[in-house]
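Engineer: Counting the sequence shown from 1 gives a position; the working numbering is that position plus 2. Here a beta-carbon is modelled for each residue, glycine too, at the ideal position from N, C-alpha and C. Dropping the structure in here first, questions after.
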Amino acid sequence: MPTPDEARAAVDAARSDLSAAIDEAIGGWQKKPDAAEGEEAWSAQETANHVLGAEIFFARSVCEASGLEGPRNPIKGAQISTPQEAQYALEAVAEAANPKVAAIGADDMSKPHEMMGTVEQAFTAWAGHLRDHAAQIRAAAAS
């Protein structure tokens with residue numbers, strides 16, 4: 003089982019990957035992949051709106067399962083239009099989430115979450131969600 007520090011580091015690394023993907027997508031921000039359907043048909047912009055909106059969901063999930071108050075959503079209702087706005091939103095959600103998840107300790111990692119298994123599994127899903135959508139942003143912008 004990863005330590006809380008390792009789990010937080012995995013989320014931070016995935017955020018860095020997302021940030022790089024957003025920068026790489028500047029030239030193809032609104033391009034949609036050819037012959038794709040559903041979520042796979044999203045542009046880089048649409049994917050960024052989704053993944054950034056989900057950041058607070060994941061942070062709240064790990065906090066609440068640990069008995070902690072989750073972060074407020076600094077981008078609630080925002081529609082991200084540009085890569086620059088996406089970078090600002092990524093920074094804002096990280097600033098809201100990080101102090102809250104910093105309080106999660108080793109004893110919390112095995113606590114259950116109603117939808118995601120344990121706190122450990124929720125952290126893993128969070129980092130995976132960020133990485134998966136970073137790859138999707140790159141693919142959409144390059145299409």
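#1: Within the chosen definition, does the segment 105-121 reach the segment 40-48 through at least 3 CB pairs nearer than 8 angstroms?
#2: Taking just the CA atoms, how far does Gly79 sit from Pro73?
#3: Using the three-state DSSP reduction, which class does Pro101 fall into: helix, strand or coil?
#4: Please return the same chain residues whose Cβ sits closer than 7 angstroms to the Cβ of Ile28, not counting the five positions on each side in sequence.
#5: Within the same chain, show all residues whose beta-carbon is closer than 7 angstroms to that of Ala105, passing over the 5 residues directly before and after it, in chain order.
#6: Helix, strand or coil: which one does DSSP assign to Thr84?
#7: Taking the beta carbon of Met111 as the centre, do at least 16 other beta carbons fall within 10 Å, making it buried, or is it exposed?
Structural biologist: Looking at the coordinates:
#1: No, the segment 105-121 is not in contact with the segment 40-48.
#2: Locating residue 73 in the sequence shown gives position 71, counting from the first residue. Locating residue 79 in the sequence shown gives position 77, counting from the first residue. If I take the Cα positions, the gap works out to 15 angstroms.
#3: The residue given as residue 101 occupies position 99 in the sequence shown. Note: Pro101 maps to helix in three-state DSSP.
#4: Start at 1 with the first residue of the sequence shown, and residue 28 comes out as number 26. Hits under 7 angstroms: Pro85.
#5: Numbered from 1 along the sequence shown, position 103 holds the residue referred to as residue 105. Cβ neighbours of Ala105 beyond the five flanking positions: Leu70.
#6: The sequence position of residue 84 within the sequence shown is 82, counting from 1. When DSSP states are grouped into helix, strand and coil, Thr84 belongs to the coil group.
#7: Looking up residue 111 in the sequence shown gives position 109. With 16 or more neighbouring CB atoms inside 10 Å of its own CB, Met111 falls in the buried class.
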